[in-house]
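Q: Every position in the sequence shown, counted from 1, becomes a number in the numbering used here once 274 is added.
The structure that follows is given in the form of structure tokens.
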Amino acid sequence: MRYFIFNTGGDWDTTTLFLNGEEYPASRLFVRLETGRDAYGQPTRGGLQNGGQMEAFVLPQDGDAREQAIFPGRIDFEFPMHKITVENDTPNFTIEMTRIILDGKDVSDEVTDLSINIDAVANEVEAYLTLFKPHLFAASEMATYNLL
Numbered sequence: 275m276r277y278f279i280f281n282t283g284g285d286w287d288t289t290t291l292f293l294n295g296e297e298y299p300a301s302r303l304f305v306r307l308e309t310g311r312d313a314y315g316q317p318t319r320g321g322l323q324n325g326g327q328m329e330a331f332v333l334p335q336d337g338d339a340r341e342q343a344i345f346p347g348r349i350d351f352e353f354p355m356h357k358i359t360v361e362n363d364t365p366n367f368t369i370e371m372t373r374i375i376l377d378g379k380d381v382s383d384e385v386t387d388l389s390i391n392i393d394a395v396a397n398e399v400e401a402y403l404t405l406f407k408p409h410l411f412a413a414s415e416m417a418t419y420n421l422l
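Below, the structure written as structure tokens:
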């Protein structure tokens, strides 16, 4: 099983990526997750239980190298204010079996979107997580965590 660790202090000099304990030089790290929606395209209660789609890969620095899939495996994202773990060890990647941990709390049933794009070549950085928080007697809410 692949085990990636992405760590950043918020700038390029403090950003590293490890694969199974060894530094892994990469030009891009990309993870995009969107969970299932209702008939109107709106997020609903249930998170990953609703299915969805995910694309996740690392592009090595070697110019001739091809994208390397992250899953089946695990990746820890260590940002200055938050830590996120995304894990799926099913051989054929069943999205409903994905677990997402935010700062020690399992948010797999609340997540609606996760987008992480660290592109050193294009000097682009984007990282956010959106959770659906249903309430019994009040309107449900969306909470977006900007990770960088």
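Here a beta-carbon is modelled for each residue, glycine too, at the ideal position from N, C-alpha and C.
Please identify the residue among 384, 365, 324 and 387 whose C-alpha is closest to the C-alpha of residue 313.
A: Ranking 384, 365, 324 and 387 by Cα distance to residue 313 puts 324 first.
Q: Would you kindly work out how many angstroms separate the C-alpha atoms of residue 358 and residue 280, rounded to a whole number?
A: 10 angstroms
Q: Check each candidate in 306, 284, 400 and 297 and name the one with the smallest Cα separation from residue 343.
A: It is 306 whose Cα lies nearest to the Cα of residue 343.
Q: What is the DSSP secondary structure of residue 364, reduced to helix, strand or coil?
A: coil
Q: In chain order, what are the residue ranges of uninterrupted beta strand (DSSP E) at least 3 long that sit wholly in the stretch 288 to 343?
A: 290 to 293, 300 to 309 and 326 to 334
Q: Any chance the stretch 291 to 305 sits against the stretch 375 to 390, with 3 or more Cβ pairs inside 8 angstroms?
A: yes
Q: Our contact map puts residue 421 next to residue 353 with C-beta atoms below 8 angstroms; I'd like the distance itself, whole angstroms only.
A: 5 angstroms
Q: Is the CB-CB distance between residue 369 and residue 322 below 8 angstroms?
A: Going by beta carbons, residue 369 and residue 322 fall inside the 8 angstroms limit.
Q: Just list the residues that DSSP pairs residue 405 with in beta bridges.
A: For residue 405, which the question treats as bridged, DSSP gives the partners 385 and 417.
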